[in-house]
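Positions 1 to 623 (full-length UniProt numbering) are the ones given, in order, by the sequence shown.
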Amino acid sequence: MTDPSDGPERPSGRGRVTGTATWGTLRTLLVLAWRTDRRAGLVLAAFLLCGAVSHGLVGVFLRELTDTIFTGAVAGAAGLEAGLWALAAGGALAAGVAFGRAELALMQELAERMGVAVQEEILTLTSGVPTIEHLERPEHLDRLRTLREESWQLYFAVWALALVVEHAAQIGLGVALLAAVHPLLPLLLGGAVLPSLLVRGRAARHIDAAAERTAETTRLEQHLSETVTDAEPAKEVRLSGAAPALDGMARRHWEEVSGVQARAGVRAGLLTFAGSATFLAGYVAALGHTAWLARQGLATAGDLVLVATVGVQFVTQASRLAFHFGSVTAGLRAAARLAWLRAYANDPRVGDRRPVPRPLAPALPDRLDDGITLHGVSFAYPGTTRQVLHDLDLRLPAGATVALVGSHGSGKTTLAKLLCGLYHPDHGEIRADGVPLHDLPPQAWRRRISAVFQDLARFELTAAETVGVGDLPRLGDRRAVEDALARAGATGLIADLPDGLSTELGDTFERGHRLSGGQWQRLALARASMRRSPLLLVLDEPTASLDALAESAVFARYAEAARRHAGAVTLLITHRFPTVRTADLIVVLDAGRIVQQGTHDALMARPGPYADLYAIQRAAFTG
């Protein structure tokens, strides 16, 4: 039959599957295939069974043909019998080839359909995790990259598993036929199978370990290559002349990865050669023993042909069995990573290292009466030991505009992530009107938040859609989009676009309209204004691409809006001190600790970091 095993085995990245986990991941693969197309799966199973029997019968018919020729004159009835056996052998061989081609076509179709389903599930699970640890933690990024790149092994493993069953059935039939000639023959050939499988498995582990060791270096090489070729950093790269240096770094990392993987490939190749040699030794020994039996009158010439034919099939099928067994193992490792992603995405404790929250969570109020409070909140990013926030106690009053200021690295954005539920505190808790956020389903709190972060998303959609995604139920509501643009002071921006709200944005596509950084930020502010009554509005450096006067105007507009909606908290995060003087409360962070808080006038009336930094920035601004 046509077989895809005539090429190097491609192992998976990281993860090993043993014990009961093996059955669980194997069941994942089988369920995936069954759900894709049950009827095609049953037809494929029938083809595999018929193909295995057809190949096994070839040797039987050739033996009968040979014995017929050697035991009588090929004429009359004997000639007719020989012709029938020859026709039967040819028919069995043709049937085996036909079933093999049908299997191949059906497997390819199933693999493509399963591939779409697998990729869709990976994307859905990755984007559906409520926290973002898996998108920022290198260990998780490596696992996700490996899963995406080697997801093909999930559906190829089902194919390989089916072929393993077919090859095993053919080997079983061959063992029975060889045993009928002499009991020693299966031992000679079969004894070469186990060590070869072990050797091939060790070869696959060499390549697998190399992929695991180089995963982070591979990611770094890809990052450097993208930095050289992507449009966004192109200006700085060209002006600094850094392209050759970055390209050299990428090349060195690529050479490092290639060297490690090449050495692993050489070791795997040598081991594979050793495994193939054991097959050959077993085959030669079985054939020699059968020839000796024939000379002793204990076997016929047909038996010798049978052993030669079945032996070749035995060696071929055992070799393919080893290859596809390795593919199944690689698929099981990929399935284990998919199982990890499923468990991670569905674990209510994701991003948290504390006990499971209480099952009966209280409901959020329609509006805040007291505000949002932090009690003893401390946090370190997973996988690190450095505390980013230290034992914070803070009250964000309802209806207030709170400005969070501090130098770079003081913990401002980290605190915003905790308030938005993108991470959970290591210690302490955050409450909204007394309701612990930790006890709420992530989406319950997320639906009551609007936010703009400094690394804002640039949705290359139409202008209306770029704003409308801020409130998905009203994505197509043009009036709501226009109101949001007005609140963000971005109406004039839309008026300047060639097709207004229908203008496609971005420079990735031919019809896209290029925007400046400040224009993207104004659209992001409008997007954050789509929700009617958020309990928390976070503006994290949303105006970094605007000048100081424009930033002050934006903050003043949102501060005024916050006073009109007393049931919410507006949090402004910036390192520009002069723009936050109108805030109701100013909180100064330094190295993850609150060092000052109060109104602008109160903070300026006493010595401290706020007054010092305000004076420095004001002097720099006024010249």
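Backbone N, C-alpha and C fix where the C-beta goes; we use that ideal spot for every residue, glycine too.
Item                                                                                                                                                                          : Value
Using 10 angstroms around the beta-carbon of V266, count the other beta-carbons present and answer buried if the total reaches 16, otherwise exposed.                         : exposed
Beta-carbon within less than 8 angstroms of G500's beta-carbon, same chain only, minus the 5 sequence neighbours each way: which residues are those?                          : A463, I494
Just to confirm the assignment, what range does the beta strand (DSSP E) spanning T574 have?                                                                                  : 569-574
Classify T385 as helix, strand or coil using the three-state DSSP reduction.                                                                                                  : coil
Helix, strand or coil for G489, going by three-state DSSP, please let me know.                                                                                                : coil
Which of helix, strand or coil does DSSP assign to Q296?                                                                                                                      : coil
Go to R593, then tell me how far its beta strand (DSSP E) extends in each direction, as first and last residue.                                                               : 593-598
So, does the CB of L177 fall closer than 8 angstroms to a CB anywhere in chain D?                                                                                             : Note that chain D does not occur in the displayed structure, where there is just one protein chain.
Can you tell me which of the three DSSP states G506 falls into?                                                                                                               : coil
My output table needs one value for D303: the three-state DSSP class, helix, strand or coil.                                                                                  : helix
Rounded to the nearest angstrom, what separates A400 and D433 at their Cα positions?                                                                                          : 14 angstroms
Looking only at its chain, what residues have a beta carbon closer than 7 angstroms to the beta carbon of H513, apart from the 5 residues adjacent to it on each side?        : L497, P498, T503, E504, L505
Going by C-alpha to C-alpha distance, which of D208, L589, F379 sits closest to residue 637?                                                                                  : With the chain covering 1 to 623 only, the question about residue 637 has no answer from this structure.
Residue range of the beta strand (DSSP E) that R431 falls in?                                                                                                                 : 427-432
Can you tell me where the beta strand (DSSP E) with S378 in it begins and where it stops?                                                                                     : 371-379
For L163, which residues of its own chain have a beta-carbon under 6 angstroms away from its beta-carbon, when the five flanking residues on both sides are left out?         : H324
Taking 8 angstroms as the limit between beta carbons, can you name the residues of its chain near Q387, skipping five residues before and five after?                         : S378, F379, A380, G592
I need the boundaries of the beta strand (DSSP E) containing S450, first residue and last residue.                                                                            : 449-452
List the DSSP bridge partners of H513.                                                                                                                                        : L505
Between which residues of its own chain and E221 is the CB-CB distance below 6 angstroms, once the five residues before and five after are set aside?                         : A250, H253, W254
At a cut of 8 angstroms, does the region 122-134 reach the region 290-310 through at least three beta carbon pairs?                                                           : no
Going by the CB atoms, is the gap between S327 and A157 shorter than 8 angstroms?                                                                                             : yes
In whole angstroms, what separates the C-alpha of R358 from that of P442?                                                                                                     : At R358 the pLDDT is 49, less than 50, meaning the model places this residue with poor confidence; the figure from the coordinates comes in the next sentence. Cα to Cα, R358 sits roughly 14 angstroms from P442.
On a Cα-Cα basis, can you pick out the residue from L585, V538, G598, T582 that is closest to I573?                                                                           : V538
Based on Cα-Cα distance, which residue from R263, L472, V569 lies nearest to R205?                                                                                            : R263
What number of angstroms, rounded off, separates the C-alpha of A94 from the C-alpha of E460?                                                                                 : 55 angstroms
Could you tell me if L90 is buried or exposed, where buried requires 16 or more neighbouring beta carbons within 10 angstroms of its beta carbon?                             : What sits at residue 90 in the sequence shown is Gly, not Leu. Exposed.
Within 10 angstroms of the Cβ of F258, are there 16 or more other Cβ atoms? Answer buried if so, exposed if not.                                                              : The residue you asked about is not Phe; residue 258 is Ser in the sequence shown. S258 is exposed by the Cβ-count criterion.
In the DSSP output, what is T401 paired with across the bridge?                                                                                                               : T570
Evaluate residue 700 with the Cβ neighbour count: other Cβ atoms within 10 Å of its Cβ, from every protein chain shown; 16 or more gives buried, anything less gives exposed. : Past the boundaries of the shown model lies residue 700; the chain is included only from 1 to 623, so the question cannot be answered.
Check for me: the alpha helix (DSSP H) holding D220 runs from which residue to which?                                                                                         : For the record, residue 220 in the displayed sequence is Leu; it is not Asp. Unbroken alpha helix (DSSP H) run through L220: 215-229.
If we count the other Cβ atoms within 10 Å of its Cβ and call it buried at 16 or more, is Q108 buried or exposed?                                                             : exposed
Start and end of the beta strand (DSSP E) containing V538?                                                                                                                    : 536-540
What do you get for D612, buried or exposed, if any count of 16 or more other CB atoms within 10 angstroms of its CB means buried?                                            : exposed
Below 7 angstroms CB to CB, which residues in the same chain sit around E166 once its five sequence neighbours on both sides are set aside?                                   : L48, G51, A52
DSSP three-state label for P498, please.                                                                                                                                      : coil
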